[in-house]
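S.K.:
Protein chains: 2
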Amino acid sequence: MNARFYAPDAHAPGDVLALPDDEARHLTRVLRLKAGDAVRVFNGRGGEFEATIDGAGRDGVEVRLGAVREAAREARVALSLAQAVLKGDKMDDVVRDAVMIGVAAIQPVVTTRTEVTCSALKKGSRVGRWHRVAISSAKQCGRAVVPAIREPLTLETLLRVIASERSSGSTLMLVEPGVASRTIALGDLDPAPPPEATLMIGPEGGWTPEEIQAAAGSCRMLTLGGRTIRADAMAAVAISALFARWGEF
Amino acid sequence: MNARFYAPDAHAPGDVLALPDDEARHLTRVLRLKAGDAVRVFNGRGGEFEATIDGAGRDGVEVRLGAVREAAREARVALSLAQAVLKGDKMDDVVRDAVMIGVAAIQPVVTTRTEVTCSALKKGSRVGRWHRVAISSAKQCGRAVVPAIREPLTLETLLRVIASERSSGSTLMLVEPGVASRTIALGDLDPAPPPEATLMIGPEGGWTPEEIQAAAGSCRMLTLGGRTIRADAMAAVAISALFARWGEF
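Right, here's the structure in full:
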C-alpha cells in the first residue's frame with residue numbers, strides 16, 4: 000500500500016490541498032517522495048483517498064485527491080480510554096497502542112498518585128504531543144480516524160462528568176482483585192457491545208481506596224485475572240480483552 | 000508485598016540456600032536489603048515461600064525459607080507463544096509482556112523474513128538473555144512460574160514437530176485478513192479453553208505465502224480485526240484476546 004498522510008482538510012475527490020508541515024516533512028525528508036508519486040491521504044475523521052503529489056519542495060507539499068478508499072474498519076463500540084497520566088514517556092506508548100488497537104478517544108486523567116498536575120501538562124503542551132503520537136499511530140495501523148486526545152481532567156472532575164452524562168453500565172474502572180467491594184470479571188460483561196463505553200485505568204501506584212470509593216457510584220469495577228500487569232501495558236491488555244469480549248476480533 | 004527473588008533450588012520450608020548471583024546482586028545493590036529482612040522466594044516451577052535473609056554480602060546471599068505462599072494464579076490453558084524473532088531488542092519486550100500476561104512457554108522461531116539465523120542466535124546467547132528477561136518479568140508480575148524459553152527453531156522444523164505431536168485444533172497461526180484461504184475469527188474458537196495451545200506470530204514483514212501454505216495443514220489461521228498491529232505489540236494483543244475468549248480474565 001502507498002504511504003499514508005494525515006490532512007485534516009481533505010474532503011472530496013478532486014480537492015487540491017497542502018499537507019500539514021509535519022506530514023510534508025515526513026513525505027519529503029523521510030520517504031523522499033516527489034511530484035507525481037501516488038500516496039494515500041486520510042482526514043482523521045474517517046475519510047481516506049487515493050492521492051497524487053502535485054508538488055513537493057521546501058515550501059511544502061500539495062496533493063490532489065483521487066478516489067475514496069476504504070480504511071481500516073472502526074470498532075463498533077466507541078471506547079474512550081480514561082488513562083491516568085503515567086511517568087516519563089510512558090503515556091506516549093499508551094496513546095500509540097490504544098490508537099492502534101482501536102479506541103475512539105483518550106481522556107488523560109490526573110489522580111492522587113499521578114505525579115503531574117493538569118496545569119503542568121498544559122504548560123508542557125503534552126496534549127499536542129499525544130495528538131502527534133495519535134496521528135503517527137493512525138498512519139501506521141491503517142485507521143482513517145485520529146482519536147481525540149481530550150484536555151486532562153482530575154479524576155474528581157471526570158467522575159462528575161460521567162455521573163451527569165452516562166449510564167453507569169458503560170463506565171468501567173479497572174481495579175486489582177480484592178481492592179473493591181463489588182468487582183466484575185470480563186465474563187460478567189454483556190457480550191453484545193454497548194455503543195459507547197469508557198475504560199478507566201490508574202497510574203503506576205494504582206487508585207487510592209478513596210478514589211475507588213468515589214467512583215463506585217458511577218462505575219463498574221472490572222478485574223482482569225490475577226497477575227500484575229505493568230501500568231504502561233495495562234491499556235493494551237485491557238482494550239484487547241474488552242474488544243475480544245465484545246466481538247471486535 | 001515483600002520483594003520477590005528467583006531461586007530454582009528452593010524446595011521446602013526450612014531450606015537454607017544461596018540466591019543465584021544475579022538475584023543476590025539485585026537484593027544487595029539495588030534493593031539494599033540486609034540480613035534479617037523478610038523477602039519472598041519462588042522457584043520458577045510454581046513454588047513460592049516466605050523467606051528471611053540469613054546473610055548478605057559480597058560473597059552472595061543466603062535465605063532461609065519459611066511458609067509456602069500463594070503466587071499469582073497460572074492460566075488454565077498452557078499457551079505456548081511461538082514468536083518469530085524480531086529485530087533489535089524487540090524480542091525482549093515480547094518475552095517480558097508474554098510472561099506478564101501469562102504464557103506457559105516461548106518458542107523463538109526463525110522464518111523466511113527473520114533477519115537472523117538459529118546459529119547467530121546461539122552465538123549471541125540470546126536464549127540466556129530472554130531467560131533473564133522472563134525471570135525479571137515473573138518477579139514483577141507475581142508469577143512463581145518462569146516460562147521456558149525454548150531453543151530457536153526454523154518454522155519448517157517447528158511445523159514438523161507440531162504435525163507429529165499435536166492435534167491441529169490447538170495450534171493457531173496469526174495471519175492478516177485476506178492472506179489465507181480459510182481463516183477463523185476469535186469468536187469461532189471454542190470458548191472452553193483447551194488444556195494446551197500454541198500461538199504462532201510472524202516477524203515484522205509477516206509470513207510469506209509459502210509459509211502460510213506450509214502451515215495450513217497443521218494450524219488454524221486466526222485473524223484479529225482489521226487494523227494493523229505492530230509486530231512487537233502483536234503478542235500482547237493476541238494473548239490478551241485469547242485469554243479473554245477462554246475465560247482467563
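These protein sequence lines are chains X and H, in that order. So the first sequence is numbered by numbering that gives the first Met the number 0: it starts at 0 and just counts up by one. So the second sequence is numbered by numbering that gives the first Met the number 0: it starts at 0 and just counts up by one. Here a beta-carbon is modelled for each residue, glycine too, at the ideal position from N, C-alpha and C.
Can you grab the Cα-Cα spacing for the pair X/Pro146 / X/Gly43, in whole Å?
M.R.: Indexing the first sequence from 1 puts residue 146 of chain X at position 147. Indexing the first sequence from 1 puts residue 43 of chain X at position 44. Straight-line Cα distance between these residues: approximately 8 Å.
S.K.: Take the Cβ of X/Asp8 as the centre, count every other Cβ of all protein chains shown within 10 Å, and call the residue buried at 16 or more, exposed below.
M.R.: As a working mapping, residue 8 of chain X is identified with position 9 in the first sequence. Label assigned to X/Asp8: exposed.
S.K.: Please check if any C-beta of chain X sits within less than 7 Å of the C-beta of H/Ser79.
M.R.: Along the second sequence, one-based indexing puts residue 79 of chain H at 80. Output row for H/Ser79: interface = no.
S.K.: Write down every uninterrupted run of the alpha helix (DSSP H) in the stretch 10-51 of chain X whose length is 4 residues or greater and which is fully enclosed by it, in chain order.
M.R.: 20-24
S.K.: Counting along the chain, where does the beta strand (DSSP E) carrying H/Ser79 start and finish?
M.R.: Here residue 79 of chain H corresponds to residue number 80 of the second sequence, with the count starting at 1. Counting along the chain, the beta strand (DSSP E) containing H/Ser79 begins and ends at 77-83.
S.K.: For the stretch 44-63 of chain X and the stretch 205-217 of chain H, state whether three or more C-beta atom pairs, one from each stretch, are separated by less than 8 Å.
M.R.: no
S.K.: Using a C-beta cutoff of 7 Å, does X/Gly205 count as contacting chain H?
M.R.: Your numbering for residue 205 of chain X matches position 206 in the first sequence. X/Gly205 does not count as touching chain H.
S.K.: Look up H/Ala70 in the DSSP assignment and say whether it is helix, strand or coil.
M.R.: Sequence index remark: in the second sequence, residue 70 of chain H carries index 71 (1-based). In the structure shown, H/Ala70 sits in coil (DSSP, three-state: anything other than H, G, I, E or B).
S.K.: Identify, in the order they occur along the chain, each residue of the same chain with its Cβ nearer than 8 Å to the Cβ of X/Ala97, setting aside the five sequence neighbours on each side.
M.R.: For the purposes of this step, residue 97 of chain X is taken as the residue at position 98 of the first sequence. Hits under 8 Å: Leu80, Gln82, Ile105, Pro146, Ala234, Ala235, Ile238.
S.K.: When the Cα atoms are used, what is the spatial distance from H/Gly204 to X/Gln139?
M.R.: As a working note, residue 204 of chain H is residue 205 in the second sequence. As a working note, residue 139 of chain X is residue 140 in the first sequence. Spanning the two alpha carbons is a distance of roughly 14 Å.
S.K.: Going by the DSSP bridge assignment, what does X/Thr104 pair with across the sheet?
M.R.: The count along the first sequence starts at 1 and reaches residue 104 of chain X at position 105. What sits at residue 104 of chain X in the sequence shown is Ala, not Thr. Its beta-bridge partners are X/Ser79, X/Ala147.
S.K.: At least one CB of chain H closer than 7 Å to the CB of X/Ala11: is that the case?
M.R.: Within the first sequence, numbered from 1, the residue matching residue 11 of chain X stands at position 12. Taking Cβ atoms only, chain H never reaches closer than 7 Å to X/Ala11, which makes this a no.
S.K.: Less than 8 Å between the CB atoms is what I'm expecting for H/Ala70 and H/Arg142, so what's the real figure, rounded?
M.R.: Residue 70 of chain H sits at position 71 when you count from the first residue of the second sequence. Residue 142 of chain H sits at position 143 when you count from the first residue of the second sequence. Confirmed, about 6 Å.
S.K.: Measuring straight from C-alpha to C-alpha, what distance separates X/Gly46 and X/Val67?
M.R.: Reading the first sequence from its first residue, position 47 is the one you call residue 46 of chain X. Reading the first sequence from its first residue, position 68 is the one you call residue 67 of chain X. Cα to Cα, X/Gly46 sits roughly 7 Å from X/Val67.
S.K.: Could you give the DSSP three-state label for H/Phe242: helix, strand or coil?
M.R.: Taking the first residue of the second sequence as position 1, residue 242 of chain H is located at position 243. In the three-state reduction of the DSSP assignment, H/Phe242 falls in the helix class, which pools H, G and I.
S.K.: In chain order, which continuous runs of the beta strand (DSSP E) of length 3 or greater are located wholly inside the stretch 176-221 of chain X?
M.R.: 195-200, 219-221
S.K.: Are H/Pro193 and H/Ser217 touching if we call contact CB-CB under 7 Å?
M.R.: As a working mapping, residue 193 of chain H is identified with position 194 in the second sequence. As a working mapping, residue 217 of chain H is identified with position 218 in the second sequence. Cβ distance not < 7 Å, so H/Pro193 and H/Ser217 don't count as in contact.
S.K.: Return the residue from the list X/Thr110, X/Met99, X/Glu155, X/Ala34 that minimises the CA-CA distance to X/Val84.
M.R.: Residue mapping note: residue 84 of chain X aligns to position 85 of the first sequence, counting from 1. For the residues X/Thr110, X/Met99, X/Glu155, X/Ala34, the minimum Cα distance to X/Val84 belongs to X/Thr110.
S.K.: Using a Cβ distance threshold of 8 Å, determine whether the stretch 115-122 of chain X contacts the stretch 8-21 of chain H, with at least three qualifying pairs required.
M.R.: no
S.K.: What is the rounded straight-line gap between the Cα of X/Ser163 and the Cα of X/Leu78?
M.R.: If you number the first sequence from 1, residue 163 of chain X lands on position 164. If you number the first sequence from 1, residue 78 of chain X lands on position 79. Near 18 Å, if we compare the C-alpha coordinates of X/Leu78 and X/Ser163.
S.K.: Could you check what DSSP says for X/Leu171 in three-state terms: helix, strand or coil?
M.R.: The sequence position of residue 171 of chain X within the first sequence is 172, counting from 1. In this structure, X/Leu171 counts as strand in the three-state DSSP scheme.
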